[in-house]
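Student: Chains as they are written, first to last, in our numbering: chain A, 1 to 228; chain B, 1001 to 1303. All residues carry an ideal CB built from backbone N, CA and C; glycine is no exception. The structure's right below; bear with me while I get my questions together.
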């Protein structure tokens, strides 16, 4: 059952996933451009400061790619079933959680493709530059973070997309309403009452998501390929 | 287990305009049960409830002696389902879809799947999105039959198909039933189609089951009769009067459409002071139409 499910998911996503796999390979290499790769620049002339600044410049792109990959995997998981109104899926002799678990498993295996590609690209990038003293490359750690970020966004969107369109709309609308009403109400109350000036419900909520022990903590850590 | 499908007191309300009302039916094991009704009468909704895809507001459903929805995976493992519309992944090829489907069903009959593919004229390399409705219908039937199901649930399996494909589909079903004695629950609004193959029939109209009887009784028991001097209120008639009109505008002679007719009932007319002038066999479609007319609120002439 698992193998055909994996094949089905692959068939659905390959057109979109392959560019993401290429991007995952290319991004670490792009991030070291101009840093003396393949000996084109004498590394002595590039300071540790430049290395870290360059790494920091590229740092937000890695989690963005991971998020896009995870979201793409999740949406493609359920796309065909939504199109068929789940009639075919529901006629298969499986509990719904078993079906969802098979789909989740298939997506998880497919997530390894961009992660492996990223790992290869990161290692190649790290090997291509001569690092100044005091700096190190972290291709493995960055790959683990990249994969974990794919999985975090994949899991969230997978759960959201697994529901009916109505459920998804309720959740998304609820979140948007919370942010809009919370933000506006916070501003209004802050303007009129001093006690509310330091209250930021939406900001606190968003920070809680990405802070330590938050579900998306992995997005907020260090995304530097080259660091001290 | 005497019933392949048993519904008792099934009810479901979609909105103000449509609801299923207290449906109780019984599909005997080994029968070919025709589930008749006009479009929008609730056939597909009832079938989806039997398949555990929708939850009734009240009532009980048992399929192959098991409870819906509790035993759903075990039930689905033994049921071949052909939905009303083609519900297969359009980007797959025929072979890929067959392989995918086969992986979920343990008693999958690979040899028969190949034979059916050949018999139904399906090419394994065809992409489903490029197949016609008839070809997709045949693929769905192939998938359902190759599971070797104990029960086949076919929701309008030949709707929109040309006569040749329709015959291929029905022949494949009948061959399977002949070989395995499986039960078939087939819905359709094409009365003639079911007439030839079914041995039981249930008729749905406006969310209610208006009749359930053996096909033979349904076919033979519906007559159009001419009655002279008909009693105003034939309360003790041994048959069901589906409709009652004046014949050719003559108030003395009436045309009745009756259900449950047997020749021995001629005597009733003499005892009630009426004269039976003529008896005409109705074909199934006329009987079906009269049955629907009689079940609708405006013509409630029932004994």
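To the nearest angstrom, report how far apart residue 168 (chain A) and residue 1191 (chain B) are at their CA atoms.
Tutor: As a working mapping, residue 168 (chain A) is identified with position 168 in the first chain. As a working mapping, residue 1191 (chain B) is identified with position 191 in the second chain. Using only the alpha carbons, I get a separation of about 42 angstroms.
Student: Of all the residues that make up the region 85-105 of chain A, which are near chain B by a beta-carbon distance shorter than 7 angstroms?
Tutor: The region 85-105 of chain A vs chain B, Cβ under 7 angstroms: 87, 88, 90, 91, 92, 93, 94, 95.
Student: Mind checking if residue 1100 (chain B) is an interface residue toward chain A, Cβ cutoff 8 angstroms exclusive?
Tutor: Position 100 of the second chain, counting from 1, holds the residue named residue 1100 (chain B). Yes, residue 1100 (chain B) lies at the interface with chain A (some Cβ there is under 8 angstroms from its Cβ).
Student: With H, G and I counted as helix, E and B as strand and the rest as coil, what does DSSP make of residue 1073 (chain B)?
Tutor: Working through the second chain from its first residue, we reach residue 1073 (chain B) at position 73. Residue 1073 (chain B) falls in the helix class under three-state DSSP.
Student: Kindly provide the ranges of any alpha helix (DSSP H) runs that are 4 or more residues long and lie completely inside the region 8-35 of chain A, ordered along the chain.
Tutor: Complete alpha helix (DSSP H) runs here, min 4: none at all.
Student: Is the shortest distance between the beta-carbon of residue 1033 (chain B) and the beta-carbons of chain A less than 8 angstroms?
Tutor: Residue mapping note: residue 1033 (chain B) aligns to position 33 of the second chain, counting from 1. Among the CB atoms of chain A, none fall inside 8 angstroms of the CB of residue 1033 (chain B).
Student: Just the chain B side, please: which residues come within less than 7 angstroms of residue 53 (chain A) by C-beta, in chain order?
Tutor: Position 53 of the first chain, counted from the start, is the residue given in the question as residue 53 (chain A). When 7 angstroms is used as the limit between beta carbons, residue 53 (chain A) is near no residue of chain B, the shortest such separation being about 46 angstroms.
Student: Would you call the region 1013-1029 of chain B and the region 75-95 of chain A in contact, with 3 or more CB pairs under 8 angstroms?
Tutor: no
Student: Tell me whether residue 72 (chain A) is buried or exposed, calling it buried when 16 or more other Cβ atoms sit within 10 Å of its Cβ.
Tutor: Along the first chain, one-based indexing puts residue 72 (chain A) at 72. The residue is buried, with at least 16 neighbouring Cβ atoms inside 10 Å.
Student: Given that a residue counts as buried once 16 or more other Cβ atoms are within 10 Å of its Cβ, and exposed if not, what is residue 12 (chain A)?
Tutor: Here residue 12 (chain A) refers to the residue found at position 12 of the first chain. Buried, since its Cβ has 16 or more Cβ neighbours within 10 Å.
Student: Just tell me which of B:1106, B:1092, B:1108, B:1150 has its CA closest to the CA of residue 1127 (chain B).
Tutor: Along the second chain, one-based indexing puts residue 1127 (chain B) at 127. Nearest of B:1106, B:1092, B:1108, B:1150 to residue 1127 (chain B), Cα basis: B:1092.
Student: Helix or strand or just coil, what does DSSP make of residue 1246 (chain B)?
Tutor: Here residue 1246 (chain B) refers to the residue found at position 246 of the second chain. Residue 1246 (chain B) sits in a strand when the DSSP states are folded into three classes.
Student: Give the secondary structure of residue 1033 (chain B) by DSSP, where H, G and I count as helix, E and B as strand, and everything else as coil.
Tutor: Start at 1 with the first residue of the second chain, and residue 1033 (chain B) comes out as number 33. Collapsing the DSSP output to three states places residue 1033 (chain B) in a strand.
Student: For residue 1129 (chain B), collect the residues of the same chain with a Cβ closer than 8 angstroms to its Cβ; drop the 5 residues on either side in sequence, then sort them by chain order.
Tutor: As a position in the second chain, residue 1129 (chain B) is number 129, starting the count at 1. For residue 1129 (chain B), where only same-chain residues beyond five positions count, the Cβ hits under 8 angstroms are 1090, 1091.
Student: Buried or exposed for residue 1291 (chain B), going by 16 or more other Cβ atoms inside 10 Å?
Tutor: Sequence index remark: in the second chain, residue 1291 (chain B) carries index 291 (1-based). By the neighbour-count rule (16 or more Cβ atoms within 10 Å), residue 1291 (chain B) is buried.
Student: Along chain A, in chain order, which residues have C-beta atoms closer than 7 angstroms to that of residue 1076 (chain B)?
Tutor: Numbered from 1 along the second chain, position 76 holds the residue referred to as residue 1076 (chain B). Those are 91, 92, 93, listed as they occur along chain A.
Student: Residue 215 (chain A) touches chain B at which residues, Cβ-Cβ below 9 angstroms?
Tutor: Sequence index remark: in the first chain, residue 215 (chain A) carries index 215 (1-based). Simply none; closest approach about 32 angstroms.
Student: With respect to the beta strand (DSSP E) encompassing residue 1212 (chain B), which residues constitute its N-terminal and C-terminal limits?
Tutor: Counting from one through the second chain, the residue named residue 1212 (chain B) turns up at place 212. Here the beta strand (DSSP E) through residue 1212 (chain B) covers 1208-1214.
Student: Nearer than 7 angstroms: is that true of the beta carbon of residue 116 (chain A) relative to any heavy atom of the ligand ADP?
Tutor: Among the components modelled here there is no ligand, and therefore nothing to report on the ligand ADP.
Student: Hey, does residue 78 (chain A) have any beta-carbon neighbour from chain B nearer than 8 angstroms?
Tutor: Locating residue 78 (chain A) in the first chain gives position 78, counting from the first residue. False, the Cβ-Cβ gap to chain B never drops below 8 angstroms.
Student: Spatial neighbours of residue 211 (chain A) within its chain, please: C-beta separation below 6 angstroms, excluding the five flanking residues on both sides.
Tutor: Within the first chain, numbered from 1, the residue matching residue 211 (chain A) stands at position 211. Sequence-distant Cβ neighbours of residue 211 (chain A) in its own chain, meaning closer than 6 angstroms and more than five residues away, do not exist here.
Student: Determine the direct distance from the alpha carbon of residue 1206 (chain B) to that of residue 1045 (chain B), and round the result to whole angstroms.
Tutor: Here residue 1045 (chain B) refers to the residue found at position 45 of the second chain. Here residue 1206 (chain B) refers to the residue found at position 206 of the second chain. The straight-line gap from Cα to Cα measures roughly 12 angstroms.
Student: Residues bridged to residue 1028 (chain B) by DSSP?
Tutor: Taking the first residue of the second chain as 1, we reach residue 1028 (chain B) at position 28. For residue 1028 (chain B), which the question treats as bridged, DSSP gives the partners B:1003.
Student: Using a Cβ-Cβ cutoff of 9 angstroms, what residues of the region 5-26 of chain A are near chain B? List them in chain order.
Tutor: 5, 7, 8, 11, 12
Student: Identify the continuous beta strand (DSSP E) that holds residue 1276 (chain B) and give its terminal residues.
Tutor: Counting from 1 along the second chain, the entry for residue 1276 (chain B) is found at position 276. Boundaries of the beta strand (DSSP E) around residue 1276 (chain B): 1275-1281.
Student: Checking contacts by CB at 8 angstroms: is residue 1117 (chain B) closer than that to chain A?
Tutor: The count along the second chain starts at 1 and reaches residue 1117 (chain B) at position 117. With 8 angstroms as the cut-off, residue 1117 (chain B) does not count as an interface residue toward chain A.
Student: Report all residues from its chain with a CB closer than 6 angstroms to the CB of residue 132 (chain A); omit the five preceding and five following residues, and keep chain order.
Tutor: Position 132 of the first chain, counted from the first residue, corresponds to residue 132 (chain A). Cβ neighbours of residue 132 (chain A) beyond the five flanking positions: 48.
Student: Are the Cβ atoms of residue 1212 (chain B) and residue 1187 (chain B) separated by less than 8 angstroms?
Tutor: Within the second chain, residue 1212 (chain B) is the residue found at index 212, counting from 1. Within the second chain, residue 1187 (chain B) is the residue found at index 187, counting from 1. In this structure, residue 1187 (chain B) does not lie closer than 8 angstroms to residue 1212 (chain B) by Cβ.
Student: Going by DSSP, what residue range makes up the beta strand (DSSP E) through residue 1205 (chain B)?
Tutor: Residue mapping note: residue 1205 (chain B) aligns to position 205 of the second chain, counting from 1. From DSSP, the beta strand (DSSP E) with residue 1205 (chain B) extends over 1200-1205.
Student: Is the Cβ of residue 1192 (chain B) closer than 8 angstroms to any Cβ of chain A?
Tutor: The residue labelled residue 1192 (chain B) in the question sits at position 192 within the second chain. Output row for residue 1192 (chain B): interface = no.
Student: The alpha helix (DSSP H) that contains residue 1185 (chain B), what's its start and end?
Tutor: What you label residue 1185 (chain B) is simply residue 185 of the second chain in a count that begins at 1. Taken as a continuous stretch (DSSP letters only), residue 1185 (chain B) belongs to no alpha helix (DSSP H), being part of the beta strand (DSSP E) at 1183-1188.
Student: Quick check: the region 113-125 of chain A against the region 1097-1108 of chain B, are there 3 or more CB pairs under 8 angstroms?
Tutor: Of all C-beta pairs linking the region 113-125 of chain A to the region 1097-1108 of chain B, fewer than three are shorter than 8 angstroms, placing the two stretches out of contact.
Student: Given residue 39 (chain A), which residues of its chain have a CB within under 7 angstroms of its CB, disregarding the five upstream and five downstream residues?
Tutor: As a working note, residue 39 (chain A) is residue 39 in the first chain. The pLDDT assigned to residue 39 (chain A) is 48, lower than 50, so where the model puts this residue is not dependable, and the model offers no usable value.
Student: Would you mind giving the Cβ-Cβ distance between residue 92 (chain A) and residue 99 (chain A), rounded to the nearest angstrom? I have them listed as a contact below 8 angstroms.
Tutor: Taking the first residue of the first chain as position 1, residue 92 (chain A) is located at position 92. Taking the first residue of the first chain as position 1, residue 99 (chain A) is located at position 99. Contact between residue 92 (chain A) and residue 99 (chain A) holds: CB atoms are separated by about 7 angstroms, below the 8 angstroms threshold.
Student: Does any CB atom of chain B fall closer than 8 angstroms to the CB of residue 151 (chain A)?
Tutor: Within the first chain, residue 151 (chain A) is the residue found at index 151, counting from 1. False, the Cβ-Cβ gap to chain B never drops below 8 angstroms.
Student: Anything in chain A within Cβ reach of residue 1091 (chain B), meaning under 8 angstroms, just list it in chain order.
Tutor: What you label residue 1091 (chain B) is simply residue 91 of the second chain in a count that begins at 1. Neighbours of residue 1091 (chain B) on chain A, chain order: 11, 12, 80.
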